[in-house]
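For the first sequence, my numbering gives the first residue as 32, with consecutive numbering after it. In this text, a Cβ means the ideal position worked out from N, Cα and C, and glycines have one as well. Values in this document were obtained by computation on a predicted structure and should not be read as measured data. Since the structure comes first, as structure tokens, the remarks are kept for the end.
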Amino acid sequence: MKQDHEDSTTQQQLKAAAAEIHKLREQLAYHNYRYYILDDPQVSDDEYDMTMRRLIALETEHPDLITPDSPTQRVGAPLEGEFPEVVHRVPMLSLQDVRGDEELVEWENRIRRHMHLPAEAVIEYVCEPKIDGLAMSLTYENGKFVRGATRGNGRQGEDITANLRTINAIPWQLRLEPAPPIFEPRGEVFMMRSEFEKLNERQTEEGKPLFANPRNAGAGSVRQKDPKITASRPLTFFAYAVGAVEGVPLHKQWDILEVLRRAGFRVNSQSRICQGLDAVREFIEHWREERHKVDYATDGVVVKVNDLRWQDELGIVNRFPRWACAFKFPPEEQITRVLDITVNVGRTGALTPLAHFEPVEVAGTTVSKATLHNEDEMKRKDIRIGDKVVIRKAGEIIPEVVRVITEERTGEEKVFQFPTQCPVCNAAVVKPEGEAVARCVNAECPAQLERLLEHFVSRGAMNIDRVGEKLIKQLVAADLVHDVADLFYLTKEQLLSLERMAEKSAQNVLDSIEGAKHPPLPRLIFALGIRHVGERTAGLIADRFGTLEALRAAPEAEIAGIHDVGQVAGASVRSWLEEEHNQHVLDKLEKAEVRPEESTPVAADGQFTGKSFVFTGAMTIDRREAEAMVKRVGARPSGSVSKKTDYVVVGDNAGSKADRARELGVKILTEEEFKALLELGL
DNA sequence: CGCCCTCGAGTTCC
DNA sequence: CTCGAGGGCG
Numbered sequence: 032m033k034q035d036h037e038d039s040t041t042q043q044q045l046k047a048a049a050a051e052i053h054k055l056r057e058q059l060a061y062h063n064y065r066y067y068i069l070d071d072p073q074v075s076d077d078e079y080d081m082t083m084r085r086l087i088a089l090e091t092e093h094p095d096l097i098t099p100d101s102p103t104q105r106v107g108a109p110l111e112g113e114f115p116e117v118v119h120r121v122p123m124l125s126l127q128d129v130r131g132d133e134e135l136v137e138w139e140n141r142i143r144r145h146m147h148l149p150a151e152a153v154i155e156y157v158c159e160p161k162i163d164g165l166a167m168s169l170t171y172e173n174g175k176f177v178r179g180a181t182r183g184n185g186r187q188g189e190d191i192t193a194n195l196r197t198i199n200a201i202p203w204q205l206r207l208e209p210a211p212p213i214f215e216p217r218g219e220v221f222m223m224r225s226e227f228e229k230l231n232e233r234q235t236e237e238g239k240p241l242f243a244n245p246r247n248a249g250a251g252s253v254r255q256k257d258p259k260i261t262a263s264r265p266l267t268f269f270a271y272a273v274g275a276v277e278g279v280p281l282h283k284q285w286d287i288l289e290v291l292r293r294a295g296f297r298v299n300s301q302s303r304i305c306q307g308l309d310a311v312r313e314f315i316e317h318w319r320e321e322r323h324k325v326d327y328a329t330d331g332v333v334v335k336v337n338d339l340r341w342q343d344e345l346g347i348v349n350r351f352p353r354w355a356c357a358f359k360f361p362p363e364e365q366i367t368r369v370l371d372i373t374v375n376v377g378r379t380g381a382l383t384p385l386a387h388f389e390p391v392e393v394a395g396t397t398v399s400k401a402t403l404h405n406e407d408e409m410k411r412k413d414i415r416i417g418d419k420v421v422i423r424k425a426g427e428i429i430p431e432v433v434r435v436i437t438e439e440r441t442g443e444e445k446v447f448q449f450p451t452q453c454p455v456c457n458a459a460v461v462k463p464e465g466e467a468v469a470r471c472v473n474a475e476c477p478a479q480l481e482r483l484l485e486h487f488v489s490r491g492a493m494n495i496d497r498v499g500e501k502l503i504k505q506l507v508a509a510d511l512v513h514d515v516a517d518l519f520y521l522t523k524e525q526l527l528s529l530e531r532m533a534e535k536s537a538q539n540v541l542d543s544i545e546g547a548k549h550p551p552l553p554r555l556i557f558a559l560g561i562r563h564v565g566e567r568t569a570g571l572i573a574d575r576f577g578t579l580e581a582l583r584a585a586p587e588a589e590i591a592g593i594h595d596v597g598q599v600a601g602a603s604v605r606s607w608l609e610e611e612h613n614q615h616v617l618d619k620l621e622k623a624e625v626r627p628e629e630s631t632p633v634a635a636d637g638q639f640t641g642k643s644f645v646f647t648g649a650m651t652i653d654r655r656e657a658e659a660m661v662k663r664v665g666a667r668p669s670g671s672v673s674k675k676t677d678y679v680v681v682g683d684n685a686g687s688k689a690d691r692a693r694e695l696g697v698k699i700l701t702e703e704e705f706k707a708l709l710e711l712g713l
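Okay, structure coming up:
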């Protein structure tokens, strides 16, 4: 009796547990659908976790109740050996690539010819962004997910069912009622870009090789022998086509998308029906920009004829369907091989490594080299000669090495030894503690001289036309120029002695140099190439001293005292001036009658020099005009009041800045007082 | 002393 | 465009 009683209690408990397990599984399946398919969760991640944990607890307690379709079973057992092969019931075709409008028109014309359509007939298309992922075919029998396979060669692929079962966006059960006997959704397994970045960060932390791009990461994840690894990768799935189908009526491409959506798949919400090629073009142009804004990688747009009967009639020619094409955007990232690494010497002696690679097309231009910035950067990215690397254009123009594909290392790659001697003059290389750049210390290094001369003649500096890289190289090699001043002493005979230099061009060069003898002072100072003195600092120095003579006589403190100049730049200028070689250059420039244009030094020693003004409140004069007035008298406008502020000009409704000025005892002016002060110097 | 902003220097391709 | 460093300011 007692035994019976206990049994029935257990029976009851078991029944209750089974009921709860069933309920939990249903809940989880639903929330899963909301979260992974609709991207519109109804419960928080925490609540979902709680539900999952409750289910795991119950299943641990009652292992007999675990069924393969429980959401706890997404991760199956590791696979031994190769993936089995699967023959696709309907082959998975690849699409014809179309690059540019011309090929698009050609593609449509072929359709017209085939369908005997007049030129004015408007064809209806379905367009969607082409996701750069891995094409998959999923087989559902009577509504149940039974098999998932890669595209392979199109005819047969690999059975990776266990891995695909771990992807949350792939339902195990179709939501179609009644369940069709056969239904084969096809689509793309891929990784969101943000998830890809996170994954690579994790790989870095764990010292594992990085993936080149989301596509490679996806491919690597999906072909894992152990589904646990696949499960740990943030993969998702978009459906866009079907293979074999029984029991679902379909007439249009668009129907397919709708059925897939109803069946419980993610379908790209950006797909559109386009009436005619103009609408297709519009869609493509829209995506040329839009693709940078979405979280998945797209390299083009897929265009399909909407009517399935037409698709049938158009058929397939040598494994491409005539009824679809893939419009490809020029690639923005490319993979290439590093052939060599060289080192350039800059104007300041900075040694910068440069990677040369097999030329590749990136964002419309052919790229063959990219800077590696400096030794540290090179080491951080661990770029070696022979490495396969990912190249990208930074800001549409400048190529950069994004990362090395360490997975594809063969062991043949050579680590580049950063030189300890200048590659041009063999002088020692010095890398100060804590600084990133190594420098050649030889002041007379020919490479540095070349870079200095290039800087000297450049547009923002002396702006000497017709003297470019090539000529400079020749002049230095021929020993005709040893410093920037030597340019002004060149003779026609000397120029004629050079290769590819005839009477006419020699005269042009001389005229160009002659014409550059009277630049504005800031440009001349900038042209000298003093470290830490760029365009702006040169301007500030010129404004302060007015003439080269005044600058040459200026003590370091006075230079460093200029607002926005400072200690480092001041010391750099002074020590440049001290150097005998440089004094000689300045003397030679003067002797050659290189004289900066007369310019009124901006109140070089006026009463407002270096004073700061802050404006607050509404004024009758324009704010920018007020700032310009201030600059004209050698003072500077500033945004916030501090104890270093000299004047605060208050307009109407002045607020906290005026209060602060009063607190700090800064002189306060009304707008009228301000104007009077500047005009009359009161 | 540390944060934020701006400047300087080096760079690619057509 | 990017990185690193200088310079001002709190």
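Tell me which residue opens and which closes the beta strand (DSSP E) that residue i is part of.
i, result
"I97", "Unbroken run through I97: none, as it is neither H nor E."
"M223", "Unbroken run through M223: none, as it is neither H nor E."
"Q187", "187-189"
"D595", "Note, D595: premise wrong, no beta strand (DSSP E); not H, not E."
"N375", "364-376"
"A270", "266-277"
"K161", "155-162"
"E113", "Neither: E113 is in no beta strand (DSSP E) and is coded neither H nor E."
Could you pull the start and end residues of the alpha helix (DSSP H) that residue i belongs to?
i, result
"L552", "552-558"
"N140", "131-146"
"Q614", "611-622"
"A581", "579-584"
"E408", "406-412"
"L700", "Taken as a continuous stretch (DSSP letters only), L700 belongs to no alpha helix (DSSP H), being part of the beta strand (DSSP E) at 698-701."
Would DSSP call residue i helix, strand or coil?
i, result
"S168", "strand"
"P258", "helix"
"A459", "strand"
"I347", "strand"
"N247", "helix"
"Q204", "strand"
"A635", "Only weak support exists for where A635 lies, its pLDDT of 47 falling under 50; the value from the coordinates is given anyway. Coil."
"R292", "helix"
"H323", "coil"
"I652", "coil"
"F242", "coil"
"H642", "Reading off the sequence, residue 642 comes out as Lys, not His. The answer is coil: DSSP assigns K642 none of H, G, I, E or B."
"T441", "coil"
"R693", "helix"
"R312", "helix"
On a CA-only basis, which of the options is nearest residue i? Give me that one, please.
i, options, result
"A262", "R105, R378, L230, T235", "R105"
"R196", "L89, A47, D257, A573", "D257"
"A27", "T329, T451, N457", "Outside the displayed range of the chain (32 to 713) lies residue 27, so it cannot be described from this structure."
"L622", "A516, P550, R693", "The sequence as given places Lys at residue 622; Leu does not occur at that position. Out of A516, P550, R693, A516 has the C-alpha closest to the C-alpha of K622."
"P357", "G112, L620, R567, I162", "Sequence inspection shows Ala at residue 357; the Pro mentioned does not correspond to that position. Nearest of G112, L620, R567, I162 to A357, Cα basis: I162."
"E344", "H145, G546, T647", "H145"
"K431", "V446, G164, K400, A573", "Contrary to the premise, residue 431 reads as Glu rather than Lys in this sequence. The shortest C-alpha separation from E431 is found at K400."
"H549", "I495, V599, I68", "I495"
"N473", "I260, V376, K259", "V376"
"I422", "V435, A478, T41", "V435"
"A301", "T41, P160, E363, Y67", "It should be pointed out that residue 301 corresponds to Gln in this sequence rather than to Ala. Nearest C-alpha to Q301: P160."
"T397", "N457, K424, E134, V374", "K424"
Please return the same chain residues whose Cβ sits closer than 6 Å to the Cβ of residue i, not counting the five positions on each side in sequence.
i, result
"Y271", "G218"
"L521", "none"
"L480", "V507"
"I201", "L195, F268"
"P240", "T437, E438"
"A250", "L165"
Leaving aside the five residues before and after residue i along the sequence, list all residues of the same chain whose C-beta is less than 8 Å from its C-beta, in chain order.
i, result
"L230", "M222, F242, A248, R264, P265"
"L86", "I52, L55, R56, L59, S101, P102, T103"
"L403", "I372, T383, P384, L385, A386, M409, K412, I414, V432"
Apart from the five residues on each side of it in sequence, which residues of its chain come closer than 7 Å, Cβ to Cβ, to residue i?
i, result
"K283", "N337, D338, L339"
"E530", "Q505"
Exercise for review: Identify every run of the alpha helix (DSSP H) within the segment 477-565, keeping only runs that are complete inside it and at least 4 residues long; order them along the chain.
Suggested key: Listed in chain order, the alpha helix (DSSP H) runs fully inside the segment 477-565 are 477-488, 500-508, 523-527, 534-545, 552-558, counting runs of at least 4 residues.
Check your understanding: If you scan the segment 32-76 from start to end, which runs of the alpha helix (DSSP H) of 4 or more residues do you find wholly inside it?
Key -> Segments of the alpha helix (DSSP H) lying fully in the segment 32-76: 33-63.
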